[in-house]
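Taking numbering that gives the first Met the number 0, the leading residue of the sequence shown gets 0, the next gets one more, and so forth. Glycine included, C-beta positions come from ideal geometry on N, C-alpha and C.
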Amino acid sequence: MIDFVTIKTDQDKTAFVKLNIEYFEWVWDQFIESFNTDVIPLIGTPEEYVENNKEEFFSYFPPKGICYLIRDGDNYIGMGALRKIKEGICEIKRMYVKSSYRGKGLGKSLLDKLTDDAKNFGFSKIYLDVGPYNIAAQGLYKKFGFIQREPYPETEAPKEFLEHWTFMEKEI
Numbered sequence: 000m001i002d003f004v005t006i007k008t009d010q011d012k013t014a015f016v017k018l019n020i021e022y023f024e025w026v027w028d029q030f031i032e033s034f035n036t037d038v039i040p041l042i043g044t045p046e047e048y049v050e051n052n053k054e055e056f057f058s059y060f061p062p063k064g065i066c067y068l069i070r071d072g073d074n075y076i077g078m079g080a081l082r083k084i085k086e087g088i089c090e091i092k093r094m095y096v097k098s099s100y101r102g103k104g105l106g107k108s109l110l111d112k113l114t115d116d117a118k119n120f121g122f123s124k125i126y127l128d129v130g131p132y133n134i135a136a137q138g139l140y141k142k143f144g145f146i147q148r149e150p151y152p153e154t155e156a157p158k159e160f161l162e163h164w165t166f167m168e169k170e171i
């Protein structure tokens, strides 16, 4: 049974770290394929990046944010988060579903949950950024009514690649 849970236990935290490392391994591979660039000298290894940022990830709690894990029984298969970036504006982060579970509507369900949470927390606008290699995510966001915008200062997208990135927003 597919389940969406918030991070509550050490097991959840460990799963979130592992999913982030898996996500960033995929992102790093996409950088090499899309830009013929190794980002390790710029940002570090996926493990280093996650280790340096995990405390921030664990700080996404209502009403300033939330972080979900997607489970299939005892298996953690995806994640997504929402964080406040300024008054009235939040950002969707780390939407990721393992490849063997893609195409089953989990990304849509997760985006629904995060959008509902953003409304319930009192945000009026959602920002997000997505790499040029993630065409499926771009399509999902467009279907949800996200439109392109200029880069925003709070983005984690590497400054060297901003011109290639897609930045989006949605009024809620």
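Check whether residue i and residue j have beta carbons under 7 Å apart
i	j	result
Leu68	Val4	yes
Tyr132	Ser58	no
Val96	Gly72	no
Lys53	Val26	no
Arg148	Glu168	yes
Ile20	Glu46	yes
Val90	Arg82	In the sequence as presented, Val is not what sits at residue 90; that position holds Glu. Yes; because the gap between Cβ atoms is below 7 Å, this pair is in contact.
Asp115	Phe166	no
Ile39	Tyr48	no
Ala156	Tyr75	no
Inter-residue Cα distance where the pair is residue i and residue j
i	j	result
Asp2	Asp111	14 Å
Thr44	Ala136	23 Å
Tyr151	Pro61	23 Å
Asn172	Phe145	It is not possible to answer for residue 172, since the shown part of the chain is limited to 0 through 171.
Ala117	Ala80	11 Å
Burial state of residue i, where buried means 16 or more other Cβ atoms lie within 10 Å
i	result
Leu161	exposed
Phe122	buried
Trp84	Here residue 84 turns out to be Ile, not Trp, going by the sequence shown. Looking at its Cβ environment, which holds 16 or more other Cβ atoms inside 10 Å, Ile84 is buried.
Lys92	buried
Ile134	exposed
Ile125	buried
Terminal residues of the alpha helix (DSSP H) in which residue i lies
i	result
Thr13	Asp9 to Phe34
Asn74	Looking at the DSSP string, Asn74 is not in any alpha helix (DSSP H); the run it does join, the beta strand (DSSP E), is Asn74 to Lys85.
Asp172	There is no way to answer for residue 172, as the model of the chain reaches only from 0 to 171.
Segment limits, beta strand (DSSP E) that includes residue i
i	result
Tyr126	Lys124 to Val129
Leu68	Gly64 to Asp71
Residues bridged to residue i (per DSSP)
i	result
Glu170	Lys124
Lys92	Ala80
Chain D contact for residue i (CB, 7 Å cutoff)
i	result
Ala80	Among the chains of the structure shown, chain D does not appear; only one protein chain is present.
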